[in-house]
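Here's the structure, in C-alpha cells; my notes come after.
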Amino acid sequence: MPKLVERKPGSLNPSFKSSASKKDALHKIKDGGLISAYSKAKKAASLTNKGGKNSGSAVTHQQQGLVFNTSIGQHILKNPLIITNMLDKAAVKSTDTVLEVGPGTGNMTQKLLERAKLIVACEVDPRMVAELHKRFVGTPFYNKLDIRIGDVLKSTLPAFDICVSNLPYQISSPFVFKLLLHRPIFRCAVLMFQQEFAQRLVAKPGSKLYCRLSVNTQLLAKIDHLMKVGKNNFKPPPKVESSVVRIEPRNPLPNINFQEWDGMLRIVFVRKSKTLLAAFKQTSVIKTLRANYRVWCTKHGRRVPEDLDMKAKVTEVLTGCELAASRARSMEQEEFMKLLLAFNKAGIHFS
1 MPKLVERKPG
11 SLNPSFKSSA
21 SKKDALHKIK
31 DGGLISAYSK
41 AKKAASLTNK
51 GGKNSGSAVT
61 HQQQGLVFNT
71 SIGQHILKNP
81 LIITNMLDKA
91 AVKSTDTVLE
101 VGPGTGNMTQ
111 KLLERAKLIV
121 ACEVDPRMVA
131 ELHKRFVGTP
141 FYNKLDIRIG
151 DVLKSTLPAF
161 DICVSNLPYQ
171 ISSPFVFKLL
181 LHRPIFRCAV
191 LMFQQEFAQR
201 LVAKPGSKLY
211 CRLSVNTQLL
221 AKIDHLMKVG
231 KNNFKPPPKV
241 ESSVVRIEPR
251 NPLPNINFQE
261 WDGMLRIVFV
271 RKSKTLLAAF
281 KQTSVIKTLR
291 ANYRVWCTKH
301 GRRVPEDLDM
311 KAKVTEVLTG
321 CELAASRARS
331 MEQEEFMKLL
341 LAFNKAGIHF
351 S
C-alpha cells in the first residue's frame, strides 16, 4: 500500500526560512503539481467566472482567490465555535499526535496546532497544500505541522492519538472502516459527516435508519452523536445538513472474523424487514453457502454428503438458535453474534 507523500517542515526548501516571499518559496516545491498551484487556481477561477468547464463543481473563495471543488467535498468549516467544540469533545492534549483529513485552508488545523504536539494533515488537493504552507510558514506552529499529499484511502495511515476532521462526505464510509481497523489503536475520533450518515452510525435496533453500517461500526466502536451543524457554517454551503460524531474504538476488539461477520450481514440486510428464514432461503444465498460449505469440508478433511440439502441445513441452524422468525431491522449485536456462531459451528461460512 503506498504511503502518503510526506512534506515535513525540516525537509522543505530552505527558502521557506529566507527573506523570499512565501509565494516564491511555494513555487520551488517540486511535487504533486505544487509548482503551478497558484496558476491552476487562477485559471480555474477564470473558467468558473466565465461559466467554463468547472462552473458546475467549483466555487470561488473571493478572500483567498481559491476555487473550491465541491465535487470532491471541499466545503470549508468557517465557524470557529464549532471547531473549538469539536476539539473540546476530542479532549486534545499537548502531547497528542492528531490526524486531520481534508484540512482545506487550515481553519481547524490552526486550532489543532495551538493545542497538540504534532498535526499530520492529509490532503489530496495540491492547491490546498500550498495554502497550508502559505498560512503557517514563518509561524511558531510550522515545525508542528506534517503535511502529507495523497489519497488517504489508498495510503498507509501514520500512528496517531486522535483524529479530528471535517471529512469529504463521499469518503465517509470507507474512511470510517479504515480508521477502525487501523493499528496501533487510537484514543478517539471526532468527525464531521453528512447528517443522515451520522444518524445511521448511531441508529439502534428498530430505528428506520438501522442498517448494516450501524451494526458494523457499533461492533468495532462506541459511537456518540455530538451536535448538528447547519449548512451556513461552511463555505461554500453544502446541499445537506451535517453532524459531528465521536468514535471510540473498542479495546480489545471482539474476537470475531470480520469478513465472516460482514458477509452474513450483507445477506440479512438486503431486505431487513424479512424474516431470517426468508432471507437465507433465497436461491442465490443457498448456492453461495453450498459452495462455501464444500470448501470448508475440503479444508477440514470432511466428506461432503452426496445428498446435501443446504436449504434444510440452514433451516435447522436458524431453528436451533431460535432466530428463524427474527428480522434484521430489530436484532441486537448479541443476536447477530449468536447467529454467526451457530452457522460456523455447522460448517456454514460467509467468506
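Start counting the sequence shown at 1; every next residue gets the next number (UniProt numbering).
C-beta atoms are modelled at their ideal positions from N, C-alpha and C, and glycine is treated no differently.
Would you list the residues sitting across from residue i in a DSSP beta bridge?
| i | result |
| --- | --- |
| Asp224 | Arg246 |
| Lys231 | For Lys231, which the question treats as bridged, DSSP gives no partner whatsoever. |
| Cys122 | Val101 and Arg148 |
| Tyr70 | The amino acid at residue 70 is misidentified as Tyr; the sequence shows Thr. DSSP, once it has assigned bridges, lists no residue as partnering Thr70. |
| Ile162 | Val98 and Cys188 |
| Thr288 | Thr288 pairs with nothing; no bridge assigned. |
| Thr275 | Arg327 |
| Ile76 | Lys235 |
| Phe350 | Beta-bridge pairing links Phe350 to no other residue. |
| Phe193 | Ser243 |
Please work out which residues of its chain come closer than 8 Å, Cβ to Cβ, to residue i, disregarding the five sequence neighbours upstream and downstream, and give them in chain order.
| i | result |
| --- | --- |
| residue 352 | There is simply no residue 352 to check, as the chain begins at 1 and stops at 351 in what is shown. |
| Leu253 | Leu220 |
| His182 | Leu157 |
For residue i, which residues in the same chain have their Cβ closer than 7 Å to its Cβ, ignoring the five residues on either side in sequence?
| i | result |
| --- | --- |
| Ser46 | The pLDDT assigned to Ser46 is 42, lower than 50, so where the model puts this residue is not dependable, and the model offers no usable value. |
| residue 354 | Nothing about residue 354 can be reported from this structure: the residues present for the chain run from 1 to 351 only. |
| Trp296 | Gly347 and His349 |
| Leu213 | Ser173, Arg200 and Leu201 |
| Ala90 | Ile162, Val164, Cys188 and Val190 |
| Asn251 | Ile185 |
| Ala278 | none |
Rounded to the nearest angstrom, what separates residue i and residue j at their Cα positions?
| i | j | result |
| --- | --- | --- |
| Leu226 | Lys78 | 18 Å |
| Leu341 | Leu118 | 43 Å |
| Ile256 | Phe343 | 13 Å |
| Pro236 | Ser71 | 12 Å |
| Gly301 | Lys345 | 16 Å |
| Asp31 | Pro126 | Legend: pLDDT at Asp31 = 36, less than 50; position of this residue unreliable, value from coordinates given subsequently. If I take the Cα positions, the gap works out to 9 Å. |
| Ala203 | Glu306 | 44 Å |
| Asp224 | Gln218 | 10 Å |
| Leu81 | His133 | 24 Å |
| Phe175 | Lys154 | 10 Å |
| Ile267 | Ser94 | 46 Å |
| residue 353 | Glu114 | Residue 353 lies beyond the residue range present for the chain, which begins at 1 and ends at 351; the question has no answer from this structure. |
| Asn69 | Cys211 | 31 Å |
| Leu145 | Lys222 | 29 Å |
| Gln333 | Ser284 | 25 Å |
| Ala116 | Phe177 | 25 Å |
| Phe234 | Val270 | 35 Å |
| Val317 | Asp262 | 19 Å |
| Asn143 | Ile76 | 24 Å |
| Ser57 | Val240 | Annotation note: pLDDT 43 at Ser57 (below 50); position unreliable, no value reported. |
With a cut-off of 8 Å on the beta carbons, I'd call residue i and residue j a contact; round off their distance for me.
| i | j | result |
| --- | --- | --- |
| Leu265 | Arg290 | Not confirmed; about 20 Å, so no contact. |
| residue 352 | Ala189 | Because residue 352 is not part of the residues shown, which for the chain are 1 to 351, the question remains open. |
| Val245 | Met86 | Their Cβ separation, rounded to whole angstroms, is 10 Å, which puts Val245 and Met86 out of contact at 8 Å. |
| Ser172 | Gln199 | Ser172 to Gln199, Cβ: 12 Å. No contact. |
| Val229 | Phe280 | That pair is no contact at about 41 Å. |
| Val129 | Leu112 | 16 Å between Cβ atoms; not a contact. |
| Phe186 | Pro249 | 7 Å |
| Pro205 | Ser330 | 5 Å |
| Lys299 | Cys321 | Actually they do not touch by this definition, with Cβ atoms about 24 Å apart. |
Note down, in chain order, each residue of its chain lying with its Cβ closer than 6 Å to the Cβ of residue i, except the 5 sequence neighbours on either side.
| i | result |
| --- | --- |
| Arg294 | Val304 |
| Gly106 | Leu132 and Arg135 |
| Ile247 | Ala189, Ala221 and Ile223 |
query = Within the chosen definition, does the region 140-156 reach the region 111-124 through at least 3 CB pairs nearer than 8 Å?
reply = Result yes; three or more Cβ-Cβ pairs closer than 8 Å.
Cβ contact (3+ pairs, closer than 8 Å) linking the region 86-106 and the region 166-180 = Enough Cβ pairs lie closer than 8 Å, so yes.
message = Count Cβ pairs between the region 153-163 and the region 130-138 that sit closer than 8 Å; are there 3 or more?
response = Segments in contact, no.
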